[in-house]
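Here's the structure, in structure tokens; my notes come after.
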Amino acid sequence: MFKTYQEREQKLRNDLKEVKSQKEIALTRLSEVAGAKLTESNPLITDLSDPNRPEKIGEQFSELYDNLWTDIFEKLSGTCKLSERDSIQTLLQILEDSYGYCKDISSKRYSNTLAELTLWKLVDPKETPSKVPNKKEKNTPEKKKDADTKETTANITLEELQKLQTLLVSPSSSSPADSKAVDSILAKIGLNVTSLSNIKKMLKSSLEGTSVIIQESFWKQRSEDPNGQKEVLECTKPFLLKCVHICWLMVGQDPPVFLRFSDKCKDKFNKDIYREYTASGKMLDFVVWPAIFLHENGPLLKKGVAQPISKK
Numbered sequence: 001m002f003k004t005y006q007e008r009e010q011k012l013r014n015d016l017k018e019v020k021s022q023k024e025i026a027l028t029r030l031s032e033v034a035g036a037k038l039t040e041s042n043p044l045i046t047d048l049s050d051p052n053r054p055e056k057i058g059e060q061f062s063e064l065y066d067n068l069w070t071d072i073f074e075k076l077s078g079t080c081k082l083s084e085r086d087s088i089q090t091l092l093q094i095l096e097d098s099y100g101y102c103k104d105i106s107s108k109r110y111s112n113t114l115a116e117l118t119l120w121k122l123v124d125p126k127e128t129p130s131k132v133p134n135k136k137e138k139n140t141p142e143k144k145k146d147a148d149t150k151e152t153t154a155n156i157t158l159e160e161l162q163k164l165q166t167l168l169v170s171p172s173s174s175s176p177a178d179s180k181a182v183d184s185i186l187a188k189i190g191l192n193v194t195s196l197s198n199i200k201k202m203l204k205s206s207l208e209g210t211s212v213i214i215q216e217s218f219w220k221q222r223s224e225d226p227n228g229q230k231e232v233l234e235c236t237k238p239f240l241l242k243c244v245h246i247c248w249l250m251v252g253q254d255p256p257v258f259l260r261f262s263d264k265c266k267d268k269f270n271k272d273i274y275r276e277y278t279a280s281g282k283m284l285d286f287v288v289w290p291a292i293f294l295h296e297n298g299p300l301l302k303k304g305v306a307q308p309i310s311k312k
């Protein structure tokens, strides 16, 4: 009789221990999801220990104009004999092309990584080698989750997979409704906001290491352009490489840091966004150096430089 009570007590203790363990696992997952949702695409929450956070990138961008831009501008005006306006336009075009190139590569990099992970999850929803079912095994929450994942994965249609592939290849052209569709399909595969957040963190952590590859790739593309001016190209190479490096850090943020190239001649000169170059006036003549923002439609990080139409 006493032995029976001891066995029952031990069983209850074991059950309680199991319940506590499952509770801790659930709380940990809840915390991860809550944290990921809080920081997902929220640039206002920054890691102050990150040397490549948006504020620091803004400082690097401003220093690029103050230092290297000035040096290369003088070489273009002197050695290459370009006019002041042509020198400014040449440097601005290099920056804009660098930003566009990095943006395109970054978008494809994320989409390709996500597509690979999606394929992997479809092939092996449990992320572990399959096991032969054992009738004696308990139907724990973990096993129920695996079963649910298998069921939802099996319910994905070919049309959904094709739509997912299309939207991942061209994420910039997708609408809010498309984004919701992607989230829904990814959820069926077993991916969630935490998974996507971790992918972005992984890609961001490798920005410095991959920067050299992007620089070399862009330089190769420019140097092989038959329409390029060899003397100007060689003269601007240090500036080009630095532009690519900083732009690569920009587009790797979540959301990406934004450069504004859209202002046109005869627009109202906005002193909240631009510093005056060498003249003063109320109408914009041309942009010398773009303004940089925390993200598109976000707060200003650093003012740009622009030339107003001179007062007469």
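Heads up: the sequence shown runs through residues 1 to 312, numbered per full-length UniProt numbering. The beta carbon of each residue, even a glycine, is placed where N, CA and C say it ideally should be. All values reported here derive from a predicted model rather than from experimental measurement.
- Rounded to whole angstroms, residue 95 and residue 206 show a C-alpha spacing of 22 Å.
- Contact between residue 304 and residue 274 holds: their C-beta atoms lie close to 5 Å from each other, under 8 Å.
- Burial is judged here by how many other beta carbons sit within 10 angstroms of a residue's own beta carbon; residue 49 has fewer than 16 and is exposed.
- In the DSSP assignment, residue 304 is bridged to 274.
- Taken atom to atom, the span from the alpha-carbon of residue 21 to that of residue 15 is near 10 Å.
- The closest CA to that of residue 59, considering only 9, 93 and 291, is found on 291.
- By the Cβ criterion, the segment 72-80 is not in contact with the segment 261-279, since fewer than three pairs of Cβ atoms, one from each stretch, lie closer than 8 Å.
- Sixteen is the threshold: since fewer than 16 other Cβ atoms of the shown chains lie within 10 Å of the Cβ of residue 279, the residue is exposed.
- In the structure shown, the three-state DSSP call for residue 286 is strand.
- Between the beta-carbon of residue 294 and that of residue 257 there is about 7 Å, and that keeps the pair under the 8 Å contact cut.
- With three or more CB-CB distances shorter than 8 Å, the segment 233-245 counts as touching the segment 51-69.
- Ranked by Cα distance from residue 201, the first of 215, 255 and 227 is 255.
- Between the beta-carbon of residue 218 and that of residue 244 there is about 5 Å, and that keeps the pair under the 8 Å contact cut.
- For residue 185 against residue 213, the beta-carbon gap comes to about 31 Å, at or over 8 Å, which does not count as contact.
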